[in-house]
Structures are given as C-alpha cells and as structure tokens.
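Colleague:
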Amino acid sequence: MSNPNYRCALPSDFGDDPAQPVADEPEAPRVTPGRVLTAVREIGLPRLRLSVQPGGETLVNLDTILHTQEPDFARSISLLGSSVELEASPTTYTWHHGDGTSQRTTTPGAPYPRKDVVHRYERPSSRVTLRVDATYQVRFRVDGGPWQTLADTITATGPGTTIAVREARPVLTAP
C-alpha cells in the first residue's frame, strides 16, 4: 500500500551522501593571552639602568642611595591580523647590591635627599656590580576591545653598574 502524502527520497536526491560527516571549517587563529605573552617576550620590556648616589664610589656604613627611572611602555602591534595595544608597568623592583644581598620594593626609588631605597655596605671592595630587575605586569586589548591583564609577569634584568666601596679612616689633626 502506498500513501500519496509521502515520498521516498534517495541520498543522491540531496546532492551529498548523508552518511559522510561534514567537516567543520577550521577556526581562524585567535589572539590569546598566551600568544600576547610570547609576543611581549619577543619584543622585550625596558631594562632599567640603576643610578647610585654617591656615584662611582661609596663608603662602608654609609647609606648608598639607589634609584631608577620609572619606564613608560605602551606599544601597538599586529598579531594574527588584529591590532593589539600593549601597556606594561613595573610592579616590583629587585635591587641586587653586588655583595650577595638584594631587596625588593614597589617603587623606583628617588635621588637625594629622599632615601626611598638605600643599602649599607659592610665591607670595602674595589668593585661591586649592582643592578635593578623590574617585574612587569602587562595588559592588552585586541581591536579596541576591553583591557585584559596577563596572568604571568615578566622580569627584565637590568644592566650592571659598577662602584667601589671604600673604608674611611679617621685621622686626628692638630688644631
């Protein structure tokens, strides 16, 4: 018995074999935090130069003032066909004193008369090499969208600055 309201169709009537799975279109690569992190590492962040007061040499048991310039880092790059804006700011500064000690701060220090970051050397040395490493927090946005902060930080190792640490010797003089 046949029903005139129904018609049987064969797979060839639809043009494709329904038994064959349809492949999804490959997804276009997207800008991800991981890709941004890789790009920032390739670009590099500012390596901060350390300033020391007094310059060139200091004395044992004297406050030696350390400071650096707070960097501005803002850059636009093209990544996977998208415009990506980057901004990076230091969150911590690690001051390596060259005598085996270091300290961490959240400020870049300041020149004399402020003494935001100081170190006292305990022993004389003809040569110590100091440096400051900046740990940056990076944020980005893609094609003018909302800002996103990278979960990972990036540390830029600063170049060394060499000074001598002298020992003062008191000398009595006649009036």
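Positions 1478 to 1652 (my numbering) are the ones given, in order, by the sequence shown.
Every residue, glycine too, gets a C-beta built ideally from N, C-alpha and C.
The structure presented is a predicted model; accordingly, all values stated were derived computationally and were not measured.
#1: If you draw a straight line from the alpha carbon of residue 1583 to that of residue 1560, how long is it in whole angstroms?
#2: Based on the DSSP secondary-structure assignment, which residues constitute the bridge partners of residue 1610?
#3: Does the stretch 1515 to 1528 come into contact with the stretch 1620 to 1640, if we say contact requires no fewer than three beta-carbon pairs (one atom in each stretch) closer than 8 angstroms?
#4: Please report how far the alpha carbon of residue 1564 lies from the alpha carbon of residue 1616, in whole angstroms.
#5: Can you give me the Cβ contacts of residue 1627 inside the same chain, cut-off strictly under 8 angstroms, excluding the 5 residues immediately before and after it?
#6: Please report the Cβ distance between residue 1641 and residue 1534, rounded to the nearest whole angstrom; I am assuming they are in contact, meaning their Cβ atoms lie under 8 angstroms.
#7: Of all the options 1532, 1577, 1643 and 1571, which has the alpha carbon lying nearest to the alpha carbon of residue 1603?
#8: Using CA coordinates, which residue listed in 1585, 1650, 1605 and 1568 is at the minimum distance from residue 1632?
#9: To the nearest angstrom, how far is the alpha carbon of residue 1608 from that of residue 1506?
#10: Measure the Cβ-Cβ separation of residue 1571 and residue 1610 and say whether it is below 8 angstroms.
#11: Between residue 1589 and the rest of its own chain, which residues show a CB-CB distance below 7 angstroms, the 5 nearest in sequence each way excluded?
#12: Hey, out of 1548, 1503, 1553 and 1502, whose CA is closest to residue 1520's CA?
Modeller: Concretely, from the data shown:
#1: Approximately 31 angstroms between the Cα atoms of the pair.
#2: Answer by DSSP bridge pairing, in chain order: 1571 and 1634.
#3: The stretch 1515 to 1528 makes contact with the stretch 1620 to 1640, as at least three CB pairs between them are under 8 angstroms.
#4: Residue 1564 and residue 1616 have their C-alpha atoms roughly 5 angstroms apart.
#5: These residues qualify, in order along the chain: 1510, 1513, 1514, 1517, 1614, 1615, 1616 and 1617.
#6: At roughly 4 angstroms, the Cβ-Cβ gap stays under 8 angstroms, so residue 1641 and residue 1534 are in contact.
#7: Ranking 1532, 1577, 1643 and 1571 by Cα distance to residue 1603 puts 1643 first.
#8: If we check each option's Cα against that of residue 1632, 1568 comes out closest.
#9: Each residue's alpha carbon lies about 40 angstroms from the other.
#10: Note that the C-beta distance between residue 1571 and residue 1610 is below 8 angstroms.
#11: So the list reads 1530 and 1542, once near-sequence residues are dropped.
#12: Among 1548, 1503, 1553 and 1502, the Cα nearest to that of residue 1520 is on 1553.
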